[in-house]
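Residue numbers (the UniProt record's numbering): 1 to 180. No residue lacks a Cβ here, since even glycine has one placed at the ideal position from N, Cα and C. Since the model is a prediction, treat every value here as computed from it, not as a measurement. Comments concern the structure below.
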């Protein structure tokens, strides 16, 4: 307030000495300066409050924008890391797949050969068992037929007195005794 009084006194002195002329423009300027001064003093707190409120809103908006941008960047970074991880996993899978295919391609003939060998081995074992059983069966059939023949031979020798049968019987007995 003290500054205003000094300013007004200095202004009055300049007007009285005719250094400063009072005309319409100077009065309008004086009124405008006085109006600005009064508006500044009276509305200073409400304007400051409004500007602070707007600044706070702008600050909150910028902060939320930065937070959302930061969240978006973090999620994008996480997604990029996940994609890198997935790509590395696929490269690992590719490496294992190539190794597996190489192994299978190199050992396929051996696997097939082993499979066929097992199959043929089973078939050969089956065939061998079948041959053994067939030979036993044939031996049994031959023994049965021979026993029937010998039984018939004895029957004919005992019941029919044929000379040819007795001769054959005696020859076979001699051969049998010679073997023993």
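- Annotation for residue 58: the continuous alpha helix (DSSP H) segment containing it runs 24-159.
- Taking 8 Å as the cut-off, the beta carbon of residue 20 is found closer than this to the beta carbon of residue 14.
- For residue 8, the three-state secondary structure derived from DSSP is helix.
- Annotation: residue 130 to residue 106 spans about 37 Å, alpha carbon to alpha carbon.
- Taking the Cβ atoms as the reference, residue 169 lies roughly 12 Å from residue 152, outside the contact range of under 8 Å.
- As the crow flies, the alpha-carbon of residue 139 is around 15 Å from that of residue 149.
- Per DSSP, reduced to three states, the secondary structure at residue 14 is helical.
- A straight line joining the alpha-carbon of residue 173 with that of residue 143 spans about 19 Å.
- Here residue 173 carries a helix assignment [DSSP, helix/strand/coil].
- Taken atom to atom, the span from the alpha-carbon of residue 9 to that of residue 62 is near 49 Å.
- Cα atoms of residue 23 and residue 6: separation of roughly 22 Å, rounded to the nearest angstrom.
- In this structure, the alpha-carbon of residue 127 lies about 35 Å from that of residue 103.
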